[in-house]
Amino acid sequence: MKESKDNKCSSSPKAKGKVCFQVERCKGCGFCIEFCPVKVLGFSKDYNKKGYHFPIAEHPDKCIGCNMCGLYCPDFAIWGEKNKEKE
Amino acid sequence: MKESKDNKCSSSPKAKGKVCFQVERCKGCGFCIEFCPVKVLGFSKDYNKKGYHFPIAEHPDKCIGCNMCGLYCPDFAIWGEKNKEKE
Amino acid sequence: MKSDPKGVLTGVHYIDGDHAACEGALAAGCRYVAGYPITPSTEVVERFAARIPHVGGLFMQMEDEIASSIALQGAVWGGAKAMTVTSGPGFSLMMEHIGYAVMTETPCVFVNVQRGGPSTGLPTLPAQSDMMQARWGSHGDYEIIALSPNSSQECFDLMITAFNLSERFRTPVMFMMDECIGHMTEKVVIPKAESIEIYNRVYTKKKPSEYKPYEPVKDLIPEMAEIGKGYNFHVTGLTHDEKGYPAMNEENQHKLVGRLMDKIRNYKDEIILIEEDGIEGADVVVMSYGITSRIAEKAMLDARKAGIKVGKARLKTVWPFADEYVNKLSKKVKTIVVPELNAGQIVREVERAVQGNCRVISVPHFGGTVHKPEVILAAIKEGAQSGNNR
Amino acid sequence: MKSDPKGVLTGVHYIDGDHAACEGALAAGCRYVAGYPITPSTEVVERFAARIPHVGGLFMQMEDEIASSIALQGAVWGGAKAMTVTSGPGFSLMMEHIGYAVMTETPCVFVNVQRGGPSTGLPTLPAQSDMMQARWGSHGDYEIIALSPNSSQECFDLMITAFNLSERFRTPVMFMMDECIGHMTEKVVIPKAESIEIYNRVYTKKKPSEYKPYEPVKDLIPEMAEIGKGYNFHVTGLTHDEKGYPAMNEENQHKLVGRLMDKIRNYKDEIILIEEDGIEGADVVVMSYGITSRIAEKAMLDARKAGIKVGKARLKTVWPFADEYVNKLSKKVKTIVVPELNAGQIVREVERAVQGNCRVISVPHFGGTVHKPEVILAAIKEGAQSGNNR
Amino acid sequence: MTEIRISGYGGQGVILSAMVIGKAAALYEDKFSSLAQAFGPEARGSSCSAQVIVSDEKILYPYLVNSDILIAMSQEAFRKFSPELKAPGTVVYESELVTPEGLSSDIKTFGIPATRIAEEQLGKSIYLNIVMVGFFTAVTKLVSEDSAKKSVQSLVPGHTIENNMKAFDLGYAYGKKHYA
Amino acid sequence: MTEIRISGYGGQGVILSAMVIGKAAALYEDKFSSLAQAFGPEARGSSCSAQVIVSDEKILYPYLVNSDILIAMSQEAFRKFSPELKAPGTVVYESELVTPEGLSSDIKTFGIPATRIAEEQLGKSIYLNIVMVGFFTAVTKLVSEDSAKKSVQSLVPGHTIENNMKAFDLGYAYGKKHYA
Amino acid sequence: METTGKHPLNKYFREDRMPHMWCSGCGIGTALNAFLSALDKSGMNKDNVSVVSGIGCTGRIAGYVNMDSFHTTHGRAIPFAEGLKAASPDTKVVVFSGDGDLMSIGGNHFIQAGRKNMDLMVVCVNNLNYAMTGGQVSATTPKRSITATAPYGSFCEPFNLPFLAEAVGAVYVARWTVYHVRELQKAMSEALNKKGFSFIEVMSPCPTLFERRNKMGTALSRMKFYKENTKVEHGANTKTTTIDLGGPFTIGKFVDIEGKKTYLEAMNSYYDETFQSDDEYMTYRGLRQKYYEEGCLND
Amino acid sequence: METTGKHPLNKYFREDRMPHMWCSGCGIGTALNAFLSALDKSGMNKDNVSVVSGIGCTGRIAGYVNMDSFHTTHGRAIPFAEGLKAASPDTKVVVFSGDGDLMSIGGNHFIQAGRKNMDLMVVCVNNLNYAMTGGQVSATTPKRSITATAPYGSFCEPFNLPFLAEAVGAVYVARWTVYHVRELQKAMSEALNKKGFSFIEVMSPCPTLFERRNKMGTALSRMKFYKENTKVEHGANTKTTTIDLGGPFTIGKFVDIEGKKTYLEAMNSYYDETFQSDDEYMTYRGLRQKYYEEGCLND
Ligand SMILES: Cc1ncc(C[n+]2csc(CCOP(=O)(O)OP(=O)(O)O)c2C)c(N)n1
Ligand SMILES: Cc1ncc(C[n+]2csc(CCOP(=O)(O)OP(=O)(O)O)c2C)c(N)n1
Ligand code: SF4
Ligand code: SF4
Ligand code: SF4
Ligand code: SF4
Ligand code: SF4
Ligand code: SF4
Ligand SMILES: [Mg+2]
Ligand SMILES: [Mg+2]
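Protein chains in written order, with the numbering used here: chain A, 4 to 90; chain B, 4 to 90; chain C, 10 to 399; chain D, 10 to 399; chain E, 770 to 949; chain F, 770 to 949; chain G, 7 to 305; chain H, 7 to 305.
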């Protein structure tokens, strides 16, 4: 199985959680951005290889790791995690 | 079309109606006999060509020509008619 | 009889085979389609759905292909010219009712835009692998008519022929396209209505008392009665007598099924359409149909450039198969080359008809795309060298 | 592997072909039937429904033949040996899923007790007119195995072969009976379980990480994985690669469909069963199958009495067709006589294989009863007189 | 080879009698036998028939061509099937339901009031078919008494074996008595 | 014979541009032309392409073998289809979405910022495909301006004809200006 | 006794095919009788009525009625009828078939035609089994019933047909038994005069198979059972109209809705609204030759 | 930004087949996401869960889940699943398919499986059209919707799926939209733990076809629409759960019945009752090799 190497996570020491991305899977629907309860996310200026703008953590410190983004994403391109140490 | 020549009707001068038979169609289910409201009918001792006992008018004078027998018969082998002159 | 101008989109168009087939049907007088979407045939019904409210008629999308394949027959008995349209998996579902149409002598057209199989296979890619199914897919003995166009233009033209043959012989006609033809856009010239010949349904003029629905009247074919006119006719898929009544015994079976087959077999000359080129004096003849015939033609032209005496015989009518034609041909040539977009289906018929008289080279291809012309060319070359009575 | 004694009704019985076929299936290890009643096949499922609670397994009467023909495949993937049973109209409805079984390499058995067709035809009377349908009825290219028993005993014996072949080659097997065989009661000897050879499913022993569901392992055949064991395998009717994933292009089509056909074509010798008698030195050979082979045998015996050198070649395996066998035969005899309870189906294959080497006489019959022996005898006589290289 | 037509109307147990005869020959004697039913949906509820062929050789042709023996349990059946009888031939009939008529002289006839016997001696007319079989066995000797009885035993439901055996014996005895 | 690949991503109107070119050649010039679409459900929402063949003779082989001209409206499409280009050959590309790279020297390239032109001059980026067609017409001269315009007119919905004609003209003019 | 004329319904059936194939006491004949009587009373011209059947004992009805009649394939009477009606909207199209045909194999056609409110009168003779093939379990067979393919008794819930018919949108739903000849005749009359998808379930004995296997006696005793064990409840909640083996059940007219547009009415009114001119859309009236004759077909 | 592990659901789908084929904003991905999340939370061993799909965009789900999975034929996921479940009763069998697949061509299988209470979890992604083939009208398409085969708008009543599911006897019926991810996940969890015929309708945008043709904007705007135009009403009367084009609709858990025997439970209990000894009937447990191994197969 091909292991994606493009996973990235936000890491803000203050944040309750972090949000992770596998941008090459993203198709730019914007669900994650719209439905993040604390508005952590915004669109990148860049395109991924498929030509879509993907989400980036514009306010990583706000992230509560609730994984709403992860639940909404139709493409399994994003997910949130709670920061253990923060709780 | 083959015209059946075996039609027979009861004819009782006193009766309100008459009951008619096309016995070769009969399969002897007994519906007509059972459900004649005034119990005009009974089974013949004879068999028709198919080997069934068919109904006969045992009490033709009672017949009211209501055609219940006709409505029940699954084989279109019997029917009742009102006697015009009697009404 | 001429075509009803309402359905004829006279003019020059740039449309694909699916659209052209739809226009052909409309020009032929088809006013009812029962269908169910399936790639790569869907465009035919989509166009019909868009066109028919303006022409006067109905498109009914049914719940499945089974319903489609019988609703269309209901419509025919109700007075319509009708077709249904599908591809492989849907065609498989229609098999029972192709038999019903044969048995009840219901004139109608089944369109199959072939894609790669078996099963779901290659939904969007071409094949010609339902050709034997078109002949043998329903249970029981029967003959069938199957036509195969090789261009958008012919999707139009031959569709009219399909409807005409269906009415002429009171039989379902299989219109066997393929994904490539269905989805290839080309110029299509649609003539004026008055120059389109239509074979209209023959309704009996007899009185009801004299009429027998399944009594052969002309060329072994019974006349239809119009619904609602007091004929009180009966239609059944059971073996029936001339009255149309169930009559289930060997004798009636022999009479009925024999007639159903003969009414096609005896009129092969009228039904079989073959496009020939350079047959006289040819060493090799390429026999093909549908999209493959275009690649075959290219290969033929290349072979001629290489000095080979090669001709073509393109089957516009695939069924009934041109046995006699092929048999005659086999006595004149070294080799018959049969490229098909399948594992070798019609080539079996060629082999059967050839009876060892000449060599037969099958050029199979499982589909997904078309042949490379070089492959057919190689077969032609091989056929030109060897061959003749082995 | 030996048969599971639970399903084996060891003893001597007086039962008809339908019942015997059911017992054959039980002896073969069949423990799941999805079916739908239809004359003249219904007795098979009726017996199964009565027997299976005691044997351990399931009969599920589905809502139609379509559901039956796919439920049985679900059961196979769930671990069962399974069959479905039908006749003409139902067989037509199963066509889509015969293709699915081919494509997904699902071992299973389809029983067709043939009756007169086309359409509803002659529901209670015999025919052999679905023989070509068994080969060609589903869309796309494929090869199929079809067996045809000619007695109650053989309904039992050959059914075991059918299941064994289906497992051996991971392919659906068509068990082509006819109404006459299905409804004729005769003596049937059912042996002890330990003397019944069973070919059991080959489940992979590989680790999930090493396993590819459609990678040919032996004789072009991939191994199955058991459900629920972590193989996480995928099954699709789309053209797929060795992982079982959809892979829709010419290359995979070629590889997959080619292999599916070759896994049968290359093992014809193992699959084709022919019963011969008096072939050596014969002028005429009668080639037949199913019920017709019994009438043919009677005609043969009569012909021998009349001094004709006649042999028989009875096809227990009708598909794949014995091309090579027939071709060889055609070089040794004057005439091959092919009586069938249809308009002439398998005779086409004979003609194809014969390639003009000898005469072929078709003795068709549209069904409703069997041939008169005299008719076949007349053909034998004719064949003995004329024939050989025409 | 002996070709036998067993006929009557639906509900008389025609098929079972045929099964008994066929099975007796095939399993309990050293013979071949095959049984074919006449099917046909148009036949619902009317006459019913079966064909049994008994032979010393393998049976190839599955249908009866001309019957050597006709077992008739209804007049309609008799009328329908007597023309197919060979001469010489045999008719075994239910004597209160069938009046043999129009037969050529070399056809032997054996009658038994099987329905009445069944009704009077066993309390149920449904055993008439096995009475007929017992009678048939006695008068035709096509299969042995022993084989026929084994066959009856193997074919009828457990709780009816006793009565069926009695029925057979009654028919058999009647045959022995009247046609010995 | 000229083989043309038109490519981009879904929603750019790739098929319509192909239709315009093909129809112009087939109906409004004395040529043969055929158009084939690349189908495939895996392609949902990703790249999209069409093939047009223009020829003086009847077209037999339905697919493009090697393209003479590649119209590329996305980088992905360019990457996918540039390898099939003949040399010499031509690339017509949307210059803000595509950067031609790795081409052999005998391939001519013509770029136009069609999306921006459409957006800025017509208010809607969806006209980019017709801008591309106008530009293509100007730089390749495969079909005449007149034929191409007739074709556009016949293919776009009535209420968009005006804008589409403008789009064509903009593209055409851009071509004439920059590559005349 | 005097010799007299014909059975009053003679002209409605094919006399030359009598006697019909059904067994003694089979309820199908009585159901047909009720239909023909209703038709006779309706004053409709029978030439404008077509009967479409599937395959089964009930399916043979099409072969006996002296009307344009279609004996189609198993389960497919409804879609055939849909096509027939579509092409010839003036024809009253009556689907007459069995429970197996309409509700087992044909279930999807039934629910989809109901959903679309196809203008069909559907009569289902429910004899609780597949009779023609020898009495197998059907989608209406009550639990515990013995049938040929459920030899130890069925253990599946059967459909409650009036409920299903109502659920899919039938505008008329009634259930009667063949004992209730007058009511059945009336229901048939009502359905004959109803536009849209109407449904009548006719409970009917199959003495040869179902009643025999389930030890329910003769057809006649079953008729008496119907008489004694049914409760007429017009407008009953169809959730309550289930049928248990040997148990009492509810009969009556359950649904009778007015004003719901049929498929073709919905199409015509929708298109009339959508398209402005007659040029774009002419009200659809059918495809029989006569429409063409009036129109532009140069015939 | 730090590099990290995998998507928490990675093991549930075939990573080597990602990205999947669905369009940007297609709701099928989110529906699958909810299912996999529920499965993850359930603690079930995914090896004991099988996914069966028909053909369609939704049907492709079977190809993406990393479980034993079956991409069957169009409309036939349910009967395949019935066979699978019958042979392997320990497997949790989940049917995941589209509205066209399950409710148009597959309608009969749906109602019959519901009637028999087959132990299947059926998830229908309802995007109101046949997406895979280019967006044609389906049995759930609301009136007036534009589709490829109803280019001027549909004029037929669509099915109200929760109502139909309840009518045929489903023991669990819920409807959510892909906007309602948490609730949807919960419903999936409940259905995963439910025995018998359970049904979840997932309303989902098909932005490429349905929303585009009907000028409903992007997938995102459709998600917002779902948010604003749905009313949660658990236990709602399913007669009221109809869906109009562009109108508000009801969502929630409508049916959740306990104690109804599944097909196999009914069979086992009926046969256990009918047959006296183990010799006559052994409780049926399936046909997977392991049962044989324990038993008498001399393997
Ligand atoms: C495709 C197909 N499958 C099966 C059959 C066999 N068949 C004929 S009638 C019938 C069932 C009839 O049952 P029902 O509709 O209830 O009618 P009934 O005979 O009870 O009146 C079946 C299964 C068939 N003719 N065609
Ligand atoms: C027998 C058959 N008929 C038709 C098709 C074509 N087909 C494939 S998917 C589909 C409809 C899919 O619609 P739906 O189930 O709603 O799934 P969606 O694509 O909307 O998710 C159709 C008609 C087919 N594959 N097989
Ligand atoms: S929800 Fe997923 S696909 Fe959509 S924008 Fe966010 S990461 Fe991309
Ligand atoms: S995990 Fe929650 S808070 Fe963090 S980005 Fe995702 S949705 Fe927003
Ligand atoms: S109802 Fe008819 S068939 Fe029955 S007994 Fe009376 S006349 Fe005979
Ligand atoms: S007409 Fe009425 S009263 Fe007279 S016999 Fe018939 S049912 Fe009895
Ligand atoms: S079998 Fe049953 S339904 Fe068929 S005719 Fe006889 S009684 Fe009627
Ligand atoms: S076409 Fe529609 S359903 Fe299919 S993947 Fe695209 S958005 Fe999803
Ligand atoms: Mg029934
Ligand atoms: Mg959908």
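For every residue, glycine included, the Cβ atom is placed at its ideal position computed from N, Cα and C.
Comparing C-alpha positions only, which one of the options sits nearest to residue i?
{"i": "H/GLU196", "options": "H/GLY140, H/PHE41, H/GLY252 and H/LEU90", "result": "H/PHE41"}
{"i": "E/LYS800", "options": "E/CYS817, E/LEU833 and E/MET770", "result": "E/MET770"}
{"i": "C/TYR23", "options": "F/TYR778, F/SER776 and F/ALA794", "result": "F/ALA794"}
{"i": "F/PRO852", "options": "F/ILE881, F/LEU804, F/GLN781 and F/PRO869", "result": "F/PRO869"}
{"i": "F/GLY780", "options": "H/THR214, H/PHE165, H/GLY252 and H/GLU239", "result": "H/THR214"}
{"i": "C/SER160", "options": "C/ARG313, C/GLY376 and C/ASP25", "result": "C/ASP25"}
{"i": "G/LEU108", "options": "G/ALA145, G/GLY141 and G/LYS259", "result": "G/ALA145"}
Roughly how many whole angstroms lie between the Cα atoms of residue i and residue j?
{"i": "G/HIS186", "j": "G/GLU264", "result": "25 Å"}
{"i": "D/THR48", "j": "G/GLY62", "result": "11 Å"}
{"i": "C/GLU285", "j": "C/LYS321", "result": "5 Å"}
{"i": "G/ARG294", "j": "D/PRO255", "result": "47 Å"}
{"i": "F/SER786", "j": "F/GLY777", "result": "11 Å"}
{"i": "F/LEU804", "j": "F/ALA856", "result": "22 Å"}
{"i": "G/SER151", "j": "G/MET127", "result": "29 Å"}
Do residue i and ligand 8 come close, with the Cβ less than 7 Å from some heavy atom?
{"i": "H/ILE67", "result": "no"}
{"i": "H/ASN133", "result": "yes"}
Who does residue i pair with in a DSSP beta bridge?
{"i": "C/PRO348", "result": "C/VAL372"}
{"i": "G/PHE205", "result": "G/VAL128 and G/VAL179"}
{"i": "D/LYS227", "result": "D/ILE230"}
{"i": "B/SER15", "result": "Answer is none; B/SER15 lacks a bridge partner."}
{"i": "F/SER802", "result": "F/VAL823"}
Return yes when at least one heavy atom of ligand 3 lies under 7 Å from the C-beta of residue i, else no.
{"i": "A/ILE81", "result": "yes"}
Tell me whether residue i, by its Cβ, gets closer than 7 Å to a heavy atom of ligand 6.
{"i": "B/VAL22", "result": "yes"}
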